[in-house]
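Reading through the structure tokens given below for one structure.
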Amino acid sequence: MLTIDSLRVSVGGKEILKGLTLDVPAGEVHAVMGPNGAGKSTLGYAIAGRENYEAAAGDIRLGGESLMHLGPDERSAKGVFLSFQHPLEIPGVATMTFLRTALNAQKKARGEDEVSAADFLRIIREKAKALGLSDDKLKRPFNVGFSGGERKRLEILQMSLFEPKLSVLDETDSGLDIDALKQVAEGVNALRAPDRAMLVITHYQRLLDYLKPDAVHILADGRIVKSGGPELAEELEETGYEAFTSEAA
Amino acid sequence: MSVDRNLTPAEESLSVLFEKSFAGEPLRASAIEAFRHRGLPTKRVEDWKWTDLRGTLREALEPAPANDDDAPARTLFADLAGPEILIENGRARLAGSYVGSGFSVVANGGDVDAPGRDGAVALLNRAQATDGVTIRIDRGAKLEQPIVVRRRASTDGAVHVRSKVRVGAGAEATIIEIDEVETGGAFINLYTDVEIEAGATLRRYVAERLDEGAVLADILAADIDARGVFEQAVLTAGARLVRRETHIDLAGAGAACRLASAVLAGQKQHADLTSVVRHIAPGCETRQQHRAVLADAARGVFQGKIKVERDAQKTDGRMAAHALLLSDTAEANAKPELEIYADDVECAHGATVGALDADALFYMRSRGLSEREAQALLIDAFLAEAFEMITDEDVRAGFERLAASLREGGGA
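And the structure:
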């Protein structure tokens, strides 16, 4: 589903990803773990197509199709979703309006029928309820007055709404208490499907306890330095990243 | 101020009284003399430092001729019910007067008796005004429909309109002013004198559709008595030069003014919103929100002053002016000012200039919105605080639609 091939990305003149190669087959959940500064968030931004995170070399493909020359909105319509580490607030833009505009923009780009206001309301309420987000919150401007946990839930709600082929979860566990973590993990697990792939970027193992990844990759100094099964995450928890970062250097 | 220089062709042409009959009127004659002495304002005049009227308006101007052709139906606020008073090329199309329930509108022939303000542009208006309307709202009358004053300029030339609004005690009225300028060779000079009696409310909403070559100067001077309320909203896309000045005297205790303005300008358009609110009596309130969205090489000027006189204790004044630059060549100039002589007051002002939030744009695009759609949502959100001050919901919706069409039209 997702294939990243020798990807090099510089940000502000500094090379962050230095030839990263990664493959996430359909139906699988892969974790990317790594120390601070390894390039984890850069990887997420590069996949989503953020300006100034363009690749100097290499390729990112989704279902065999290169994403390299597509803008973030086009990638989104192709089925890429990034759950942000720090979801921002957008004052003055109503949450419901934004989500419906976004959903219909994706559908329109794919040549699908748009969702009516009434249908949208029904769908969004159902999804919000499952994630423990109140109707009242959805009436507010986007993320304004939301706690850190509520912002993360709103990210997962969007993932569930857009039904992406590839979900990239960037530090979705950060800032969550244990109850919120469970709720978010349930939301993510509910989306696991044979035709979808997920890439979970995280610093700690705890989210992985709930998500049970098929594979774990260690990212250090802009490269995948080791790949393995779920046991690799446990190993990391004991040894720390140091062994791998020195290996990379 | 005395100017020691030659008059431009525009100044020469403007300082000849347009109609022979005007020469017999001493007030007009003295006003034209004073104008001739000063000339049009230059950037050296402090409150014109960012808007160069003299430099912009150089060519000689003829007075715009009377035009009796049928005007096409208006496109702005087309679905709004209520009487429409048309002023075409500076002449009111009224058979004498229009009398409605609780109000009257009279063509005033350019009523210049009230001295008005003494700036060069106001003096010029006083000398040359061909016509205007005097609107009287009866005491205690609550008008159910807005009065639409539609000013149209269909020919090149200079147009001077001088109007009066009198709102009787306890009355409530809405006036919508629409400026339509069809040609780029038009210079429009508007002056409106307003008196709001005790406990009365006047809402003034100004929208426009101007040829990009037009030059428009508009001055409103309002005197508000105790507990009176003046609410104003202006939406402009600018033109070669647009300047709308608002001068408010909060003269009676507990009076209030709410001023909202929004600029959506692109190309090389210039829009200047200048206001001075004087708190003269105690316990008065000012709320002001200005927003400018500037694309291409557009320029937006905001000058807002709240002056609190010695007796105006318990003044409550707040002013915010924010500009959004959509290009490297757009320019915003802002001068928010508080001048306070009373000691027990609460006043605050803030001004910012910035670009669209790149993080927010990326976030929105990553959710599927095109760059254009994302910008549109952010711009609408930026303007919202200004439009929220409009208490008439139909008018607010109209302003939002108009802003959206300006945004879509590439003007901004």
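So the sequence lines, in the order shown, correspond to chains G and Z. If you read the first sequence in the numbering used here, its first letter stands for residue -2, the second for the next number, and so on. If you read the second sequence in the numbering used here, its first letter stands for residue 24, the second for the next number, and so on. Beta carbons are placed, not taken as given, at the ideal position from N, Cα and C, and that holds for glycine. The model shown is predicted, which means the values in this text are computed figures rather than measured ones.
Test: residue i CB closer than 9 Å to a CB of chain G
i, result
"Arg478 of chain Z", "The structure shown does not extend to residue 478 of chain Z, since chain Z is modelled only from 24 to 435, so the question has no answer here."
"Ala426 of chain Z", "no"
"Ser393 of chain Z", "yes"
"Asp403 of chain Z", "yes"
"Glu220 of chain Z", "no"
"Ala378 of chain Z", "no"
"Glu431 of chain Z", "no"
"Phe422 of chain Z", "no"
"Asp351 of chain Z", "no"
"Phe385 of chain Z", "yes"
"Ala407 of chain Z", "yes"
"Leu80 of chain Z", "no"
"Glu416 of chain Z", "no"
"Leu400 of chain Z", "yes"
"Glu111 of chain Z", "no"
"Glu35 of chain Z", "no"
"Glu396 of chain Z", "yes"
Assigned secondary structure, residue i (DSSP; H/G/I helix, E/B strand, else coil)
i, result
"Ile44 of chain G", "helix"
"Leu296 of chain Z", "strand"
"His60 of chain Z", "helix"
"Tyr386 of chain Z", "helix"
"Glu408 of chain Z", "helix"
"Glu369 of chain Z", "strand"
"Asp246 of chain Z", "strand"
"Lys165 of chain Z", "strand"
"Val181 of chain G", "helix"
"Glu86 of chain G", "coil"
"Thr224 of chain Z", "strand"
"Phe325 of chain Z", "strand"
"Asp417 of chain Z", "helix"
"Lys11 of chain G", "strand"
"Glu42 of chain Z", "coil"
"Arg189 of chain G", "coil"
"Asp319 of chain Z", "coil"
"Ile271 of chain Z", "strand"
"Arg140 of chain Z", "coil"
Residue i, buried or exposed, once every other Cβ within 10 Å from all chains shown has been counted against 16
i, result
"Ala246 of chain G", "Per-residue confidence for Ala246 of chain G stands at a pLDDT of 44, beneath the threshold of 50, marking its modelled position as unreliable; no derived number is given."
"Val122 of chain Z", "exposed"
"Gly62 of chain Z", "buried"
"Ile175 of chain G", "exposed"
"Gln202 of chain G", "buried"
"His302 of chain Z", "buried"
"Asp366 of chain Z", "exposed"
"Gln82 of chain G", "buried"
"Gly41 of chain G", "buried"
"Asp241 of chain Z", "buried"
"His183 of chain Z", "buried"
"Ser53 of chain Z", "exposed"
Short CB-CB distance (under 9 Å) between residue i and chain Z
i, result
"Val90 of chain G", "yes"
"Phe241 of chain G", "no"
"Ile57 of chain G", "no"
"Thr94 of chain G", "yes"
"Ala102 of chain G", "yes"
"Ser73 of chain G", "yes"
"Leu196 of chain G", "no"
"Gly294 of chain G", "This structure cannot speak to residue 294 of chain G, because chain G is shown only from -2 to 246."
"Gln82 of chain G", "no"
"Glu123 of chain G", "no"
"Arg47 of chain G", "yes"
"Gly99 of chain G", "Sequence inspection shows Ala at residue 99 of chain G; the Gly mentioned does not correspond to that position. It does: the Cβ of Ala99 of chain G has a partner Cβ on chain Z nearer than 9 Å."
"Gly68 of chain G", "yes"
"Ala106 of chain G", "yes"
"Phe78 of chain G", "yes"
Closer than 8 Å at the beta carbon, the chain A residues around residue i
i, result
"Asp382 of chain Z", "Protein chains G and Z are contained in the structure displayed, whereas chain A is not."
Pairs of beta-carbons, one from the segment 363 to 380 of chain Z and one from the segment 51 to 70 of chain G, closer than 8 Å: are there three or more?
no
- request: Taking 8 Å as the threshold, find out whether the segment 112 to 120 of chain Z comes into contact with the segment 188 to 204 of chain Z through three or more Cβ pairs.
  value: no
Task: the segment 138 to 145 of chain Z contacting the segment 89 to 105 of chain Z, beta-carbon criterion three pairs below 8 Å - done: no
Counting Cβ pairs, one atom from each stretch, are 3 or more of them under 8 Å apart for the segment 124 to 139 of chain G and the segment 147 to 159 of chain G?
-> yes
I'd like to know if the segment 233 to 252 of chain Z and the segment 205 to 223 of chain Z are in contact, where contact means that at least 3 CB-CB pairs between them fall below 8 Å. yes
task: Only counting runs of 3 or more residues, tell me where the beta strand (DSSP E) segments fall wholly within the segment 67 to 119 of chain Z, in order along the chain.
output: 107 to 111
Count the CB pairs spanning the segment 190 to 200 of chain G and the segment 14 to 23 of chain G that are closer than 8 Å, and state whether there are at least three.
-> yes
Query raised in the report: Looking at C-beta atoms only, is the number of pairs between the segment 417 to 432 of chain Z and the segment 323 to 338 of chain Z that lie closer than 8 Å three or more?
Result: no
- Task: Tell me, please, whether the segment 222 to 233 of chain Z touches the segment 391 to 407 of chain Z by the rule of three or more beta-carbon pairs shorter than 8 Å.
- Result: no
So does the segment 158 to 175 of chain Z actually touch the segment 124 to 136 of chain Z, counting three or more Cβ pairs closer than 8 Å? yes
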